[in-house]
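Visitor:
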Amino acid sequence: MKYFLILTLFALVGCTQEEEPKSPIDFKAETESGDPFEGLSMKDAVELHIRRELSISVDEPIDYQIYEANCDGDANLDAVITVNLLDRAIDAAIKSGMVAKKAEIGFMGKFNYIIYRDGFSGEFSSAMAIPSSPKAKLKITFEHIRSEKQKDILVDYRILNAGYRNFFTITNGHPVRINQVKLFDGIGTKDAIVYALEYETGLISTSKDIVVYEGTFTNPTFTSPDDVYLFEPQISKTQLVHERWFFNPKDRKYYMKKE
316 MKYFLILTLF ALVGCTQEEE PKSPIDFKAE TESGDPFEGL SMKDAVELHI RRELSISVDE
376 PIDYQIYEAN CDGDANLDAV ITVNLLDRAI DAAIKSGMVA KKAEIGFMGK FNYIIYRDGF
436 SGEFSSAMAI PSSPKAKLKI TFEHIRSEKQ KDILVDYRIL NAGYRNFFTI TNGHPVRINQ
496 VKLFDGIGTK DAIVYALEYE TGLISTSKDI VVYEGTFTNP TFTSPDDVYL FEPQISKTQL
556 VHERWFFNPK DRKYYMKKE
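Just so we're aligned, residue 316 is where the sequence shown starts under our numbering, counting upward by one.
(1) Around the C-beta of residue 409, are 16 or more other C-beta atoms found within 10 angstroms, so that it is buried, or is it exposed?
(2) Pull the bridge partners of residue 490 from the DSSP assignment, please.
(3) Beta carbon of residue 482, beta carbon of residue 519: below 8 Å?
(4) Quick one: is the Cβ of residue 553 within less than 7 Å of any heavy atom of the ligand ZN?
(5) For residue 398, does the count of other Cβ atoms within 10 angstroms reach 16, so buried, or fall short, so exposed?
(6) Rounded to whole angstroms, what is the Cα-Cα separation between residue 361 and residue 394?
(7) Give the C-beta separation of residue 599 and residue 493 to the nearest angstrom, bearing in mind that I take them to be a contact with Cβ-Cβ under 8 Å.
(8) Compute the Euclidean distance between the alpha carbons of residue 416 and residue 371, then round it to the nearest angstrom.
(9) Can you grab the Cα-Cα spacing for the pair residue 434 / residue 563, in whole Å?
(10) Quick one: what's got a C-beta closer than 6 Å to residue 442's C-beta in the same chain, skipping five residues either side?
(11) Assuming residue 491 contacts residue 525 (C-beta within less than 8 Å), just tell me the rounded distance between them.
(12) Contact check, residue 516 vs residue 505 under 8 Å by CB: the rounded distance?
(13) Run through the DSSP bridge pairs and tell me what residue 526 is partnered with.
(14) Going by CA-CA distance only, name the one from 358, 513, 553, 499 that's closest to residue 547.
(15) Buried or exposed, going by whether 16 or more other CB atoms sit within 10 Å of the CB of residue 390?
(16) By how many angstroms is the C-alpha of residue 378 removed from the C-alpha of residue 503?
(17) Look at the Cβ atom of residue 512, then the Cβ atom of residue 449, and state whether they are nearer than 8 Å.
(18) Could you tell me the boundaries of the alpha helix (DSSP H) in which residue 414 lies?
(19) Measuring CA to CA, which of 536, 439, 487, 534 is closest to residue 567?
(20) What would DSSP say about residue 381, mapped onto helix, strand or coil?
(21) Can you tell me which residues form a DSSP beta bridge with residue 544?
(22) My output table needs one value for residue 432: the three-state DSSP class, helix, strand or coil.
(23) Could you pull the DSSP bridge partners for residue 450 from this structure?
(24) On the premise that residue 471 lies in contact with residue 454, defined as a C-beta separation below 8 Å, what is that separation, rounded to the nearest angstrom?
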């Protein structure tokens, strides 16, 4: 069916065992010196910033989660906030008169966002759109890739029946995307493919290489089109390398290594 169109993207981004952060995190209602939202609890500051950034009125609920890790190498925990705007996506589809067509592609668009908060300064970044299907919420993990002193941010998202991972590193207090790789494609079809990622010692720089291995999994049969957005494939790694990415310090990006 149309739901299982296979969509391919270009990519660029590299770590070893991924660490699942706690999510969501309930911050203590306390103020911090240097916080730009002086007098507000962390939770209230986060929600106020989300509403301002994404033009969400005070009477609308916010679907967000907060993840913590040390992302810049100082002594403070930083935060990555994900925001899902599925309701907005559906409302936009209704107004356009194209609900059925939009539903076929999972209401794909700019309805998933990430926001970074620096743990030392208390400053928030602007909301960064992750174009994807809001039927699937963003998944955040952290990993030491560029340095053992700080963790990089891994953002998983879905487009139709394909999954992708964007890699961000913190530079001058702001998240910068350094790579993007495909995790799987064609889930639920006879042409399904899956990959397993490893973060290995860099062959060219001190940053780890991102090595993409071909994988195997049990391909599901979905009873509902929406099931594809909830399915988490259990992938087993093979020894076949699909591609290897290395970090170029000069450009501060990952590039695919040609064999």
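Ideal placement from N, C-alpha and C gives every residue a C-beta, glycine not left out.
These numbers were taken from a predicted model, which means no experiment stands behind them.
Guide: By the coordinates alone:
(1) Taking the sequence shown and counting its residues from 1, one reaches residue 409 at position 94. With fewer than 16 other Cβ atoms within 10 Å, it is exposed.
(2) Locating residue 490 in the sequence shown gives position 175, where the first residue counts as 1. Paired residue(s): 485.
(3) One-based indexing of the sequence shown puts residue 482 at position 167. One-based indexing of the sequence shown puts residue 519 at position 204. The answer is no: Cβ separation not under 8 Å.
(4) With respect to the ligand ZN, the structure shown offers nothing to examine, as it has no ligands at all.
(5) Within the sequence shown, the letter at position 83 stands for residue 398. Counting Cβ neighbours within 10 Å, residue 398 comes out buried, since at least 16 surround it.
(6) Looking up residue 361 in the sequence shown gives position 46. Looking up residue 394 in the sequence shown gives position 79. The alpha-carbon atoms of residue 361 and residue 394 are separated by roughly 10 Å.
(7) Given a span of 316 to 574 for the chain in the structure shown, any question on residue 599 remains unanswerable.
(8) To locate residue 416, count along the sequence shown from 1; it is residue 101. To locate residue 371, count along the sequence shown from 1; it is residue 56. Near 26 Å, if we compare the C-alpha coordinates of residue 371 and residue 416.
(9) Indexing the sequence shown from 1 puts residue 434 at position 119. Indexing the sequence shown from 1 puts residue 563 at position 248. Their Cα atoms are separated by approximately 28 Å.
(10) What you label residue 442 is simply residue 127 of the sequence shown in a count that begins at 1. Hits under 6 Å: 368, 369, 428, 430.
(11) In the sequence shown, counting from the first residue as 1, residue 491 sits at position 176. In the sequence shown, counting from the first residue as 1, residue 525 sits at position 210. About 16 Å; that fails the 8 Å criterion.
(12) Reading the sequence shown from its first residue, position 201 is the one you call residue 516. Reading the sequence shown from its first residue, position 190 is the one you call residue 505. Not a contact, Cβ separation roughly 37 Å.
(13) What you label residue 526 is simply residue 211 of the sequence shown in a count that begins at 1. DSSP output for residue 526 lists 513, 559 as bridge partner(s).
(14) The residue you call residue 547 lines up with position 232 of the sequence shown. Among 358, 513, 553, 499, the Cα nearest to that of residue 547 is on 499.
(15) For the purposes of this step, residue 390 is taken as the residue at position 75 of the sequence shown. By the 10 Å Cβ count, residue 390 comes out exposed.
(16) Against the sequence shown, residue 503 aligns to sequence position 188. Against the sequence shown, residue 378 aligns to sequence position 63. C-alpha separation (whole angstroms): 28 Å.
(17) Here residue 512 refers to the residue found at position 197 when the sequence shown is read from its first residue. Here residue 449 refers to the residue found at position 134 when the sequence shown is read from its first residue. Cβ distance not < 8 Å, so residue 512 and residue 449 don't count as in contact.
(18) For the purposes of this step, residue 414 is identified with residue 99 of the sequence shown, where counting begins at 1. 414 to 419 is the span of the alpha helix (DSSP H), which, as asked, contains residue 414.
(19) Taking the sequence shown and counting its residues from 1, the one referred to as residue 567 is at position 252. Answer by Cα proximity: 487.
(20) Start at 1 with the first residue of the sequence shown, and residue 381 comes out as number 66. Residue 381 sits in a strand when the DSSP states are folded into three classes.
(21) Counted from its first residue, the sequence shown places residue 544 at position 229. Note: residue 544 sits in no beta bridge, so no partner.
(22) For this step, residue 432 is matched to residue 117 along the sequence shown. It is a strand residue.
(23) To locate residue 450, count along the sequence shown from 1; it is residue 135. As computed with DSSP, residue 450 is found in no beta bridge at all.
(24) Position 139 of the sequence shown, counted from the first residue, corresponds to residue 454. Position 156 of the sequence shown, counted from the first residue, corresponds to residue 471. Right, their Cβ atoms sit about 4 Å apart.
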